[in-house]
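**Student:**
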Amino acid sequence: MTTVSIPELDTGPVDEIATTSEVSGIKLMPSKCKPYMVPPSIEFEKFLPITEFENISFIGEGAYGSVYAGLPVNFTREINTLKQLKHDNIANLLGVAVDRDFENIYLVLEYCPYELSKAIDDGLIQSLINEAHIKCIMYQLFTGLHFLHEKLVLHRDLTGTNILFTEKGVLKITDFGSCRQASKEKMTPNMVSRWYRAPELLFGAENYSSAIDIWSAGCIFAELLNKRPLFETDSDNNMISMLVDLLGIPTETNWPGCSELPLLKEYELQGHPYNNLRLMFLEQSSVCMDLLYKLFTYNPIKRITAQECLVHSYFTENPKACDLKTLVALLKKVDTIY
Numbered sequence: 001m002t003t004v005s006i007p008e009l010d011t012g013p014v015d016e017i018a019t020t021s022e023v024s025g026i027k028l029m030p031s032k033c034k035p036y037m038v039p040p041s042i043e044f045e046k047f048l049p050i051t052e053f054e055n056i057s058f059i060g061e062g063a064y065g066s067v068y069a070g071l072p073v074n075f076t077r078e079i080n081t082l083k084q085l086k087h088d089n090i091a092n093l094l095g096v097a098v099d100r101d102f103e104n105i106y107l108v109l110e111y112c113p114y115e116l117s118k119a120i121d122d123g124l125i126q127s128l129i130n131e132a133h134i135k136c137i138m139y140q141l142f143t144g145l146h147f148l149h150e151k152l153v154l155h156r157d158l159t160g161t162n163i164l165f166t167e168k169g170v171l172k173i174t175d176f177g178s179c180r181q182a183s184k185e186k187m188t189p190n191m192v193s194r195w196y197r198a199p200e201l202l203f204g205a206e207n208y209s210s211a212i213d214i215w216s217a218g219c220i221f222a223e224l225l226n227k228r229p230l231f232e233t234d235s236d237n238n239m240i241s242m243l244v245d246l247l248g249i250p251t252e253t254n255w256p257g258c259s260e261l262p263l264l265k266e267y268e269l270q271g272h273p274y275n276n277l278r279l280m281f282l283e284q285s286s287v288c289m290d291l292l293y294k295l296f297t298y299n300p301i302k303r304i305t306a307q308e309c310l311v312h313s314y315f316t317e318n319p320k321a322c323d324l325k326t327l328v329a330l331l332k333k334v335d336t337i338y
């Protein structure tokens with residue numbers, strides 16, 4: 001297996017300021033300005049650190065200082081990623097557009113009229129979707145993730161709203177604003193929408209891997225099977241409680257090193273040591289359960305990979321995944337997102 005790193009993708013905190021930019025957009029005061037008192041009428045929350053921007057370039061001098069232009073780090077990160085990632089199951093970046101005044105910048109992507117989360121929420125779809133549809137969706141998702149992870153890219157915000165479909169039923173992973181190059185450097189733990197957030201992120205891990213995307217994919221898989229989110233909650237505390245109720249308490253036995261996670265030390269976890277996952281999926285086959293167990297493994301090192309998912313026997317046992325035409329016929333029964 002060959003892995004290819006993407007050199008343009010940021011691999012750590014932005015400490016240096018670039019000096020050139022092709023796009024003007026956000027005006028910034030340079031960091032060399034003399035400090036001054038912030039008026040009480042100004043909300044401090046609206047100020048952002050200079051490290052939140054890159055491609056910063058000098059525009060000119062004003063009466064009270066210099067003017068610079070720059071782009072948010074996550075925006076340029078998304079552009080650079082999409083430029084490099086060309087795959088059938090990754091959103092295809094066609095270009096970047098700006099308005100006449102250069103005040104707004106837009107990503108031009110291929111047209112994808114169907115959104116997975118909207119399809120799951122639709123009552124008619126819930127009554128019609130079957131295992132063949134689910135296998136078609138999940139196989140495409142794991143194919144896209146395998147490509148991403150081969151390129152050492154972590155998506156870091158995989159949810160049903162970030163999975164779209166073309167008019168021909170091809171699944172597209174979208175929204176790479178939170179993506180990062182896999183790295184041994186510390187990364188932000190508070191990533192991924194809560195319902196799809198891996199336990200290592202919930203407990204404050206700053207060093208993590210592509211296994212966080214696999215956990216998110218598992219949550220999407222479970223949502224397709226049960227027709228409702230697996231961890232539907234509005235707080236991290238409730239999320240952790242639901243996690244323990246379902247999978248048991250994380251221990252050094254089932255997750256070596258977990259006791260050193262920053263936030264795990266703050267919780268006095270109470271519950272049972274056993275796994276209740278089977279009780280949530282009583283109608284599923286033993287082969288399907290095997291895949292679910294491997295997706296929802298506490299220890300990220302032991303968690304199944306996207307490549308391993310693609311060769312799992314779940315996708316070869318009957319019923320087989322439906323073809324794209326059959327999937328489109330189902331998706332057409334729900335309103336498009338545009």
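Position one of the sequence shown corresponds to residue 1 (full-length UniProt numbering), numbered consecutively onward.
All residues carry an ideal CB built from backbone N, CA and C; glycine is no exception.
Note that the coordinates shown come from a computational prediction; the quantities given were computed from them, not determined experimentally.
For L93, is the classification buried or exposed, using 16 other Cβ atoms within 10 angstroms of its Cβ as the cut-off for buried?
**Tutor:** Buried.
**Student:** According to DSSP, is L164 part of a helix, a strand, or is it coil?
**Tutor:** L164: strand per DSSP, three-state reduction.
**Student:** To the nearest angstrom, report how far apart L291 and H155 are at their CA atoms.
**Tutor:** C-alpha separation (whole angstroms): 21 Å.
**Student:** Apply the 10 Å Cβ neighbour rule to H146 and answer buried if 16 or more other Cβ atoms are within range, or exposed otherwise.
**Tutor:** So H146 counts as buried.
**Student:** CA-CA distance, D213 and A205?
**Tutor:** The alpha-carbon atoms of D213 and A205 are separated by roughly 14 Å.
**Student:** Give the single residue among R100, D88 and I105 whose Cα lies nearest to the Cα of residue 365.
**Tutor:** Because the chain here runs from 1 to 338, residue 365 falls outside it and cannot be looked at.
**Student:** Mapping DSSP to helix, strand and coil, what is L93?
**Tutor:** L93 falls in the strand class under three-state DSSP.
**Student:** Starting from I173, follow the beta strand (DSSP E) in both directions and report where the run begins and ends.
**Tutor:** Taken as a continuous stretch (DSSP letters only), the beta strand (DSSP E) holding I173 covers L171 to I173.
**Student:** Taking DSSP as the reference, what is the three-state secondary structure of Y293?
**Tutor:** If DSSP states are grouped into helix, strand and coil, Y293 belongs with the helices.
**Student:** On the three-state DSSP scale, how would you describe E317?
**Tutor:** E317 falls in the coil class under three-state DSSP.
**Student:** Is the distance from the Cβ of T143 to the Cβ of Y196 below 7 Å?
**Tutor:** In this structure, Y196 does not lie closer than 7 Å to T143 by Cβ.
**Student:** On a Cα-Cα basis, can you pick out the residue from Q84, Q126, C136 and L148 that is closest to G325?
**Tutor:** The sequence shown places Lys at residue 325, not Gly. K325 has its Cα closest to that of C136, out of Q84, Q126, C136 and L148.
**Student:** Quick check: the Cα distance between S209 and E200, rounded to an integer number of angstroms?
**Tutor:** Their Cα atoms are separated by approximately 10 Å.
**Student:** Taking the alpha-carbon of L82 as reference, which of L282, F176 and K151 has the nearest alpha-carbon?
**Tutor:** Residue F176 is the option with its Cα nearest to L82.
**Student:** Measuring CB to CB, does V153 end up less than 7 Å from C179?
**Tutor:** Contact flag set, yes.
**Student:** Could you have a look at Y114 and say whether DSSP puts it in helix, strand or coil?
**Tutor:** Of the three classes helix, strand and coil, the one that applies to Y114 here is strand, per DSSP.
**Student:** What is the DSSP secondary structure of V108, counted as helix, strand or coil?
**Tutor:** Reduced to three states, the DSSP call for V108 is strand.
**Student:** Buried or exposed: which applies to S31, given that a residue is buried once 16 or more other Cβ atoms fall within 10 Å of its Cβ?
**Tutor:** With a pLDDT of 38 at S31, under the threshold of 50, the modelled position of that residue is not reliable, and no figure is offered here.
**Student:** May I ask you to verify whether the stretch 112-131 touches the stretch 161-173, counting CB pairs closer than 8 Å and requiring at least 3?
**Tutor:** In short, these stretches touch, since the Cβ pair count reaches three.
**Student:** Specify, as a first and last residue, the run of the alpha helix (DSSP H) that M187 falls within.
**Tutor:** Segment: none, M187 is in no alpha helix (DSSP H) and carries neither H nor E.
**Student:** State yes or no: is the C-beta of G296 within less than 7 Å of the C-beta of G218?
**Tutor:** In the sequence as displayed, the identity of residue 296 is Phe instead of Gly. Result yes, Cβ atoms of F296 and G218 sit closer than 7 Å.
**Student:** Within the continuous alpha helix (DSSP H) that includes A222, where are the two ends?
**Tutor:** Segment A211 to N226, the alpha helix (DSSP H) holding A222.
**Student:** Sorted by chain position, which residues of the same chain lie with C-beta nearer than 6 Å to N299's C-beta, five sequence neighbours on each side aside?
**Tutor:** These residues qualify, in order along the chain: W255.
**Student:** What separation, rounded to the nearest whole angstrom, lies between the Cα atoms of K294 and T336?
**Tutor:** Approximately 33 Å, taken between the alpha carbons.
**Student:** Distance, Cα to Cα, L116 vs V311?
**Tutor:** The alpha-carbon atoms of L116 and V311 are separated by roughly 23 Å.
**Student:** Whose C-beta lies closer than 6 Å to the C-beta of V244 among residues of the same chain, with five residues either side of it excluded?
**Tutor:** Cβ within range, chain order: L269 and G271.
**Student:** Do residue 339 and H133 have their C-beta atoms within less than 7 Å of each other?
**Tutor:** Examination of residue 339 is not possible in this model, given that the chain is present from 1 through 338 alone.
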